[in-house]
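Notes follow the structure.
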Amino acid sequence: MTVSVVSASREAKLERARAVLFQAERAAGLSASTVPRVQVTRGATALAAVPDQPHPVEPMAPGSAWEVLPALSPFFPYGIGGGQLIEISGSRSLLLSLVGHISRQGGWTAFVGMPDVGWDSAANYGLDLAATVSVPAPGRNSAGVISALIDGFDVLVLGDLPLSTHDQRMIVHRARTRGIVLMTESWPNARIKLTVSEHEPHGYSAGVGHLDSWSGVVSARMPGAEARRVTWDAATVTEASAVPRLRVVPS
Amino acid sequence: MTAALSPASAVLRGPRRGAVWVPDWPIISASLSGHTSLGQEAAILTGHRVVAASAPARRQGVIPGMTRRQALALRPDLICVPRDEEREIRTFEPILAALDAHIADISVTRPGLALFAASSPARHAGGEAALAEDIIGTVAEETGAEAHIGYCQGTLGAILAARADATISDAETEDFLHSHQLTVLRLCITSEKQRSVLDDFLCSLQRLGMTTLGDLAALDSSLLLSRFGTLALHCWHLAWGAEGTGRSSARTEGTLTVVREIDPPAENSDQAAFRAKEMAHDLATALADRGELCGRLVVMARTTDGSSLSRTWSLDGASEERDLTDRIRWQLQSWLEGRTGSRPAAPLSHLELVAEDLTSVGYNETPLWGGKRRGHDRATRAVLRVQGIMGEDGVRVPHLYGGRTPAEACGEEPWAADPPQPDPDAPWVGAIPRPWPAVVFPDPIDISIRCHCGAGLGVSGLGLFRCVNGESCSLTPTSVPGRVLFPHGPSSRPQGEIGSAERRRHSALAHARCTYGSSVEVVSWAGPWPLETAWWDARRHYRRAYVQLTPARGPALLVRVEQGQWKLEGIYS
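The listed protein sequences correspond, in order, to chains A and B. Position 121, counted from 1, in the first sequence is what numbering that gives the first Met the number 0 calls 120; the numbers after and before it change by one each time, with no gaps. Position 46, counted from 1, in the second sequence is what numbering that gives the first Met the number 0 calls 45; the numbers after and before it change by one each time, with no gaps.
This is the structure we're talking about:
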């Protein structure tokens, strides 16, 4: 009895030690090929074993992943992990719905260099405006502003900023060390890149009705993730049915 | 001496000030604390030199500036009291407390002399003369001392007026000041160090043949500054009836001030950081003694070339020494490293901290269930650092105000500013149907929309598309509008300030052209929805029509037309 408890706690210790080692390796930029097969989402207390399967993307270090909306989870099977850099081009709604869901889980968000965010739309996707700040025009202080914000926020959304390659490398490295999620609309050589194309608004036709939702094909530059069409409406994002909806709403 | 000599004089003029002057305060203070009594021959000494003498002693020839030996030779039974500034301030405090009943905002130049902004208290008391009477009565009741009150524009004028028991009107200020001897400038000096510098300066002026303030005021301030330094500029300002800036301590209701002259002036942030820590310690101790938290901290600095810098920090009750130190240090670093874009040309010689919005500690308790407290503190620290780099307005928090269109219904306020009373859930009749676009341009960009015949397109008063070609165009209510054209912006970035409306429009246009190219065909549309608001209020009134457009490629657009000009307000991307 006693022995088994000891061995169990030893196992747990070993697991924890591995996790710490993994985190340290990640932080140092040594890509770990021997990933620990554990996954913990924020708020969960138990370690859940991940089914033994090939990993389309790198699993997260334990205890640092944010949950993702079901419609987008195929792109993030392990959640959005701290330290990840995600480039999202072609759709602000995709960006806001990802950020909004993290904000719903208690994350603090900072927008840097994004003067044109539709805050009403963002709030509807779950963004807690009381836990959000925006530095719309950091100009040439961008690098300093970002490194200051990395210390205090969980998610940084970066717009079009005048950053040198050196600054960019520094920011990515700091974010990885601190476990901060970086989302951008354009970033050279981002490892995770989502692109939205074939936009389609729904709900009106020839002057009748009004826009009630829109859809787009999300494709990811990562192995194992197939492009899929998703639909945004006022409050959430859902996977689109096979046939795009064409609904006329009387105005 | 006319104002034409100094084009800046009108700007420089300080507000109307009153001065409360209690003559011979060192002597009165000594008598109040039992070292002497008012009728005796007494002198206050620092070291071996007389700095003040009582009226009976003065009658016997004992004057300030004498050595102890000379004074004792004149009056062998003279009572000599060593000077104790702390005692002087302590005994002056009851007078200030008594003045608080009449004046809300009073600042102490030195014990025995206090200045206040005259206009509002005088209005309250029913005139300047009535206020003076009230004050003299109160001071006499409280301490038995005789106070003199004077009113004039600017610090020096008020002090001089108090010495003459005069009320100088704004028009007379210049003549009043300029007729005085230069030596009166000594009255505005608070520290011994400044006094010796001033004496040297006055000596030089005298040798140059100048005797009155008018002579000094006639000089060119920039030449004066380059030749004699900051103090000369300060004196020049005083001579023009401007506000003196050399206050050493302010005791105003609701604020607390710490001032330091930095000698040698701080040139780099390390030197400044050292001062910051020292001053923050003083301020935090003072706050702790009073049992108060400060809501705002004003950090002010003057450089040796006379320019002054100032920034107000909102502390939100964080009055710990570390918090204060950090803010001051960050601010000084930002200034000295020139990150705010207004790098001072000279080292900092003078620092001033003002704690404002003081609240009693008891009123600032953390909420019992502060779920977000930890994240909030962490975020606050980060934001404060960014504010040090960008200024307080650089960091903004989004707010929903409520409204009919995406651009007017939300916006951003500076961090820690009081948010406007939001009412996003009010019934906004005629609002643009939701969902609203995810990209909203706060400064919508000009675009043009063409009918399929190639002419411009507008919206009629009935809310229908109307081609400028009129009857000759085949546009019908069900035919597709045509094309959207995005104009060529300026090829280079506009020169405006970063974050200016012009720069924002430029980047918005770049965003749109990147998504759609220079023009795109319209496939489908919704609207137009005419929207007219607040015809009774010119500032809020507009008459627009909104249209949702499906372009041939790319996400849907929300555009509006107002007085024939189409604008792109948002993108449903």
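Backbone N, C-alpha and C define an ideal beta-carbon position, used for all residues, glycine too.
Asked                                                                                                                               : Found
Under 7 angstroms by beta carbon: chain C residues contacting Ala233/A                                                              : In the structure shown, chain C cannot be found, because the protein chains are A and B.
Ser471/B in three-state terms, based on DSSP                                                                                        : helix
Reduced DSSP secondary structure (H/G/I, E/B, other) of Asp445/B                                                                    : strand
Cβ pair count under 8 angstroms reaching 3, the region 221-238 of chain B against the region 147-164 of chain B                     : yes
Per-residue burial, Val467/B [other beta carbons within 10 Å of its own, 16 or more giving buried]                                  : exposed
Minimum C-alpha distance to Asp76/B - residue among Leu383/B, Ala454/B and Ala42/B                                                  : Ala42/B
Cα-Cα separation, Trp65/A to Gly78/A                                                                                                : 5 angstroms
Helix, strand or coil at Thr35/B according to DSSP, with G and I counted as helix                                                   : coil
Partners in chain B for His209/A, counting only beta-carbon separations shorter than 7 angstroms                                    : Pro432, Ala525 and Gln547
8 angstroms Cβ cutoff, Asp152/A in contact with chain B                                                                             : The sequence shown places Phe at residue 152/A, rather than the Asp named in the question. Answer yes: the Cβ-Cβ gap between Phe152/A and chain B drops below 8 angstroms somewhere.
Interface flag, Lys566/B vs chain A, CB-CB below 8 angstroms                                                                        : no
Proximity of Val154/A and Val195/A at Cβ, strictly below 8 angstroms                                                                : no
Beta-bridge pairing of Met182/A - partner residues as DSSP gives them                                                               : Ile85/A and Val156/A
When Ala241/B, Ile570/B and Arg48/B are compared against Val622/B, the one with the closest alpha-carbon                            : Not covered by the structure: residue 622/B. The range shown for chain B is 0 to 572.
is_contact[Leu112/B, chain A] using C-beta, thresh 8 angstroms                                                                      : no
Proximity to His487/B [Cα-Cα], best of Leu331/B, Leu461/B, Ser517/B and Ala507/B                                                    : Ser517/B
Boundaries (first-last residue) of the beta strand (DSSP E) holding Asp119/A                                                        : It is not in any beta strand (DSSP E) - Asp119/A instead sits in the alpha helix (DSSP H) that spans Trp118 to Asn123.
Outcome for Val19/B when other beta-carbon atoms lying within 10 angstroms are tallied against a minimum of 16                      : buried
The ligand PLP heavy atom lying under 7 angstroms from the CB of Ala533/B                                                           : Here there are no bound small molecules, and the ligand PLP is not part of this structure.
Inter-stretch contact (C-beta, 8 angstroms, three-pair minimum) for the region 425-435 of chain B and the region 204-211 of chain A : yes
Identified DSSP bridge partners for Lys566/B                                                                                        : Asp445/B and Arg559/B
CB contact flag (Val216/A, Ala226/A, <8 angstroms)                                                                                  : yes
Start-to-end residues for the beta strand (DSSP E) that takes in Pro200/A                                                           : Ile191 to Ser204
Lys12/A to Ser348/B span [Cα, whole Å]                                                                                              : 58 angstroms
Span separating the alpha-carbon of Arg395/B from that of Ser133/A                                                                  : 5 angstroms
Residues of its chain near Ala117/B, where Cβ-Cβ distance is below 6 angstroms and the 5 sequence neighbours each way are ignored   : Arg15, Arg16, Gly17 and Tyr150
For His398/B and Gly576/B, believed in contact at Cβ under 8 angstroms, the rounded distance                                        : Here chain B covers residues 0 to 572 and nothing more, so residue 576/B does not appear.
Cutoff 8 angstroms: Tyr515/B Cβ touching any chain A Cβ                                                                             : no
Proximal residues to Ala16/A (C-beta, below 6 angstroms), its chain only, five neighbours per side dropped                          : none
Buried or exposed (CB count within 10 angstroms, at least 16 for buried), Phe115/B                                                  : buried
Test: Pro114/A CB closer than 8 angstroms to a CB of chain B                                                                        : yes
His233/B classed as buried or exposed, judged by whether at least 16 other C-beta atoms fall within 10 angstroms                    : buried
Among Ile446/B, Pro480/B, Trp427/B and Gly460/B, the one whose alpha carbon lies nearest that of Cys452/B                           : Pro480/B
Where Pro61/A falls, given that 16 or more other Cβ within 10 Å makes a residue buried                                              : For Pro61/A, the pLDDT reaches just 42, beneath the cut-off of 50, and the residue's location in the model is therefore unreliable, leaving the point undetermined.
Local conformation of Phe464/B per DSSP, three classes                                                                              : strand
Short-range partners of chain B found in the region 176-208 of chain A, where Cβ spacing is below 7 angstroms                       : His198, Pro200, Tyr203, Ser204, Ala205, Gly206 and Gly208
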